[in-house]
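Student: Numbering of the sequence shown is given in the working numbering, commencing with residue 21 and proceeding in unit increments. I have a structure I would like to understand better, so I am pasting it below and will then ask my questions one at a time.
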Amino acid sequence: MADCRAGIIDLILVKSISRMGRNTVDFLKACSELTSLGVEVFFEVERLYASNPKAIRMLTVFASLYQNESETKSFAITWGHRVRFADGSSQMANRVCYGYKHSEEGELVPIPEEAEVVRMVYIWHSQGWSLRKISAQLQAQNIPSPRGKPKWGIETIRKILQNEKYHGDVMLQKTYVANFFTGRQAINKGEYAKYLISEHHEAIIEFGAKGEIP
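Structure follows, in structure tokens:
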């Protein structure tokens with residue numbers, strides 16, 4: 021759009037309306053702006069020009085159909101995930117996090133070196149250390165963060181202390197897609213059911229409470 025506004029582009033060829041957008045309102049706004057800028061848009065499958073006043077109704081109909089199709093597919097996929105959450109068959113239960121890797125069978129197994137770091141974090145926290153002090157100590161010992169950086173972020177440490185996987189459990193559907201069009205994830209605060217699988221894999225932490233850390 022920036023190039024169109026700068027006058028660099030005067031014609032856009034689009035395979036199909038579905039490739040340009042699945043949100044009808046945003047799609048029509050984009051077409052209207054491009055037309056006002058003198059930029060022609062041609063949709064090959066539908067054989068329509070966005071600048072043709074007679075085509076606006078057809079563009080609206082097609083865009084609405086594609087949006088409905090996307091919403092239906094998204095609902096079906098989400099429903100499938102929730103069914104697998106409920107019966108415990110979801111592969112998301114085996115998603116790795118710091119301290120774990122996949123075994124040859126695809127199960128979660130601890131990485132000894134990283135598991136020891138996780139234990140130290142829990143021990144320090146149980147001794148009353150602040151998250152900032154834990155971060156400084158990890159950096160002082162030259163232990164790289166999960167992303168390989170020298171400094172550990174406060175939120176990274178907080179998430180380790182809040183992660184039930186280190187106790188051998190798995191909580192499914194802790195987040196959900198809050199916006200269909202953007203795919204934005206949101207924390208599940210009771211909007212949907214959560215599913216806990218106890219003793220799902222080998223635990224790294226065998227002591228302490230499993231509640232959330234403030």
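Heads up, the beta-carbon is just placed ideally off N, CA and C, and yes, glycines get one too. Being a predicted model, the structure only gives us computed values, none of them experimental.
What do you get for Ile28, buried or exposed, if any count of 16 or more other CB atoms within 10 angstroms of its CB means buried?
Tutor: Exposed, because fewer than 16 other Cβ atoms sit within 10 Å of the Cβ of Ile28.
Student: Put Gln205 into one of helix, strand or coil per three-state DSSP.
Tutor: Three-state DSSP puts Gln205 in a strand.
Student: Is it right to say Gly58 is buried, meaning 16 or more other beta carbons lie within 10 angstroms of its own, or is it exposed?
Tutor: Exposed, because fewer than 16 other Cβ atoms sit within 10 Å of the Cβ of Gly58.
Student: Among residues of its own chain, excluding the 5 on either side of Pro234, which ones have a beta-carbon nearer than 7 Å to its beta-carbon?
Tutor: Unreliable positioning characterises Pro234 in this predicted model, as indicated by a pLDDT of 37, which lies under 50. A coordinate reading is not provided.
Student: In angstroms with no decimal places, state the Cα-to-Cα distance between Met191 and Ile224.
Tutor: Straight-line Cα distance between these residues: approximately 16 Å.
Student: Just checking my contact of Ile180 with Val129 at CB under 8 Å: how many whole Å lie between their CB atoms?
Tutor: 18 Å between Cβ atoms; not a contact.
Student: Considering only the alpha carbon of each residue, which of Glu89, Tyr215 and His145 lies closest to Asp189?
Tutor: The shortest Cα separation from Asp189 among Glu89, Tyr215 and His145 belongs to Tyr215.
Student: State whether the region 58 to 74 contacts the region 28 to 37, with contact taken as three or more CB pairs (one from each stretch) at a distance under 8 Å.
Tutor: Taking 8 Å as the limit for Cβ pairs, the verdict is that the region 28 to 37 does touch the region 58 to 74.
Student: Alpha carbon to alpha carbon, what distance is there between Ala83 and Ala26?
Tutor: Rounded to the nearest angstrom, the two C-alpha atoms are 27 Å apart.
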